[in-house]
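Here the protein sequences come in this chain order: A and B.
Heads up, the first sequence stops at 169 in the working numbering, and the numbers go up one at a time, no gaps.
Heads up, the second sequence stops at 1119 in the working numbering, and the numbers go up one at a time, no gaps.
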Amino acid sequence: MVAEVTFFILSALALGSAVMVITRRNPVHSALWLIVTLFSVGGVFLILRAPFLFAVQIILYVGGIMVLIIFVIMLVSVDVSGRQQQFSRQWLVGLTTVLILAAELGYALYRGSKGFLLARSAPAAALENNTQAIGTALYQNYMLPVEIASILLLVAMVGAVLMAKRKME
Amino acid sequence: MESGYLTILIYIGAVVFLSAAILGMSAWVGVKRPTREKLSPYECGIQPVGDARERFSISFYLVGMLFILFDVEAVFLYPWAVVYKELKWFGFTEMLLYILILLAGYVYIWKKGALDWSR
């Protein structure tokens, strides 16, 4: 019961703030609303008993990707883009796409639960300790890919330093 | 839902209520007599000059990029931390190697002077 109510509150928050993200004129406000959206989706992950996914959502998306978005905002001139026209004039294409999607969704809803290919929920036993399961899988069965991932991060670090530092020396 | 998360939910509710109450009450009950000094962004310190919405130095971008990379590194530590006792020395050595490779990157960044703000 509590889980259902929380799910609906979080979904409403995620959808509402997502609408706010795309309608704000100031990109910094959009970025702040995006944080709300990402947090709400993280909460949904927690309800689905995926605590590791929740942690990744907070650390990587709210922490990391948001920094990237803020830096893009800083690097492009917000002053100019704030005065530009925000929405494209291709409303005919947009309307057609929306109508097709609405018809598809309406047909699926009309057919009821047969219209959706619902995923079979995992048995409760499989949900227990799934963070531990990820840990065992990563560090026992997929040991080499993890080490390769660290080399990939090293390459990205060297690349970032090379690109940003080249002009200063 | 597990009862552990219910505690967090109640905590979030209490936090939202308390912050809304404090901000709402001070906005509603408080007397507003604004002066020039009170409306300045900082009551002490340097007066802000110009607009914050302009292009920034590339060094900020570099710091942000490096933050994300070490962020991704930290994510890999979480699943390791919950099972490191079961993995025994094998897991420890593996993680040590992983950290050492990234430490090499950190040393490179340091030696290259990417963290040196004045350059």
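Glycine included, each C-beta is placed from N, C-alpha and C at the ideal position.
Contacts that residue i makes with chain B (C-beta to C-beta distance below 7 angstroms)
| i | result |
| --- | --- |
| A/Ser150 | Tyr1098, Ile1101, Leu1102 |
| A/Leu154 | Ile1101, Leu1102, Ala1104, Gly1105 |
| A/Phe52 | Tyr1078, Pro1079 |
Residue i versus residue j - alpha carbon distance
| i | j | result |
| --- | --- | --- |
| A/Ser150 | B/Leu1097 | 9 angstroms |
| B/Val1029 | B/Tyr1011 | 26 angstroms |
| A/Leu15 | A/Thr37 | 7 angstroms |
| A/Val5 | A/Asn129 | 24 angstroms |
| B/Glu1073 | B/Leu1115 | 19 angstroms |
| A/Ala50 | A/Leu32 | 25 angstroms |
| B/Gly1105 | B/Leu1087 | 26 angstroms |
| B/Leu1069 | A/Met157 | 7 angstroms |
| A/Leu92 | A/Leu99 | 11 angstroms |
| A/Met20 | A/Ile73 | 17 angstroms |
| B/Thr1035 | B/Gly1050 | 22 angstroms |
| B/Cys1044 | A/Gly106 | 60 angstroms |
| B/Ile1109 | A/Gly64 | 19 angstroms |
| B/Lys1112 | A/Ala160 | 12 angstroms |
| B/Leu1102 | A/Gly43 | 31 angstroms |
| A/Ser30 | A/Ile22 | 7 angstroms |
| A/Ala108 | A/Leu117 | 10 angstroms |
| B/Met1001 | A/Ile134 | Its pLDDT being 47, under 50, B/Met1001 is placed unreliably in this model, and the value from its coordinates should be taken loosely. Near 21 angstroms, if we compare the C-alpha coordinates of A/Ile134 and B/Met1001. |
| B/Tyr1005 | A/Ile47 | 9 angstroms |
| A/Leu154 | B/Val1107 | 11 angstroms |
| A/Met143 | B/Thr1007 | 36 angstroms |
| A/Leu60 | A/Met66 | 8 angstroms |
| A/Leu68 | A/Leu53 | 20 angstroms |
| A/Leu34 | B/Lys1032 | 33 angstroms |
| A/Arg111 | B/Ile1022 | 50 angstroms |
| A/Lys114 | A/Gln90 | 35 angstroms |
Contacts that residue i makes with chain B (C-beta to C-beta distance below 8 angstroms)
| i | result |
| --- | --- |
| A/Leu46 | Tyr1005 |
Nearest to residue i (by Cα), restricted to the options the options
| i | options | result |
| --- | --- | --- |
| A/Gln57 | B/Phe1060, B/Asp1071, B/Gly1105 | B/Asp1071 |
| B/Trp1117 | B/Glu1037, B/Thr1093, B/Lys1038, B/Ser1059 | B/Ser1059 |
| B/Tyr1078 | A/Leu154, A/Leu13, A/Leu153, A/Tyr139 | A/Tyr139 |
| A/Pro27 | A/Ile70, A/Ser88, A/Gly43, A/Glu147 | A/Ile70 |
| B/Phe1076 | A/Ala3, A/Glu147, A/Met163, A/Leu162 | A/Glu147 |
Closer than 9 angstroms at the beta carbon, the chain A residues around residue i
| i | result |
| --- | --- |
| B/Phe1067 | Gly63, Gly64, Val67 |
| B/Lys1088 | The contacting residues do not exist; B/Lys1088 stays about 11 angstroms from chain A at best. |
Exposure label - residue i; buried when at least 16 CB within 10 Å
| i | result |
| --- | --- |
| A/Ser17 | buried |
| B/Glu1094 | buried |
| B/Val1083 | buried |
| A/Met1 | exposed |
| A/Phe8 | exposed |
| B/Phe1017 | exposed |
| A/Glu169 | Because A/Glu169 sits at a pLDDT of 49, beneath the cut-off of 50, its placement in the model cannot be relied upon, and the point is left open. |
| B/Ser1040 | exposed |
| B/Met1065 | buried |
| A/Ala164 | buried |
| B/Phe1090 | exposed |
| B/Tyr1061 | buried |
| A/Leu10 | buried |
| B/Val1015 | exposed |
| A/Val41 | buried |
Residue i: contacting residues in chain A (beta-carbon distance under 7 angstroms)
| i | result |
| --- | --- |
| B/Ile1058 | Ala164 |
| B/Tyr1146 | Nothing can be reported for residue 1146 of chain B, as the shown portion of chain B is limited to 1001 through 1119. |
| B/Trp1080 | Gly135, Tyr139 |
| B/Gly1091 | Tyr139 |
Partners in chain A for residue i, counting only beta-carbon separations shorter than 8 angstroms
| i | result |
| --- | --- |
| B/Asp1071 | Ile59, Leu60, Gly63, Gly64 |
| B/Lys1112 | Val161, Lys165 |
| B/Glu1094 | Tyr139, Met143, Val146, Glu147 |
| B/Gly1064 | Val67, Leu68, Ile70, Phe71 |
| B/Ile960 | Here chain B comprises residues numbered 1001 to 1119, so residue 960 of chain B is not present and cannot be evaluated. |
| B/Val1083 | Gln132, Gly135, Thr136, Tyr139 |
Chain B residues whose Cβ lies nearer than 9 angstroms to that of residue i
| i | result |
| --- | --- |
| A/Ala55 | Val1075, Tyr1078 |
For the region 1043–1089 of chain B, list the beta strand (DSSP E) runs that are entirely contained and at least 3 residues long, ordered along the chain.
-> Secondary structure within the region 1043–1089 of chain B: not one fully enclosed beta strand (DSSP E) run of 3 or more consecutive residues is present.
Enumerate, from N- to C-terminal direction, the unbroken alpha helix (DSSP H) stretches of 4 or more residues contained entirely within the region 83–120 of chain A.
-> Within the region 83–120 of chain A, the complete alpha helix (DSSP H) runs of at least 4 residues are 91–111.
Which full runs of the alpha helix (DSSP H) of 4+ residues lie inside the region 14–70 of chain A, going along the chain?
-> As summarised for the region 14–70 of chain A, the continuous alpha helix (DSSP H) elements at least 4 residues long and confined to that stretch are 27–47, 51–56, given in chain order.
Residue ranges of each alpha helix (DSSP H) run of no fewer than 4 residues wholly in the region 1006–1039 of chain B, ordered along the chain?
-> The qualifying runs are 1036–1039.
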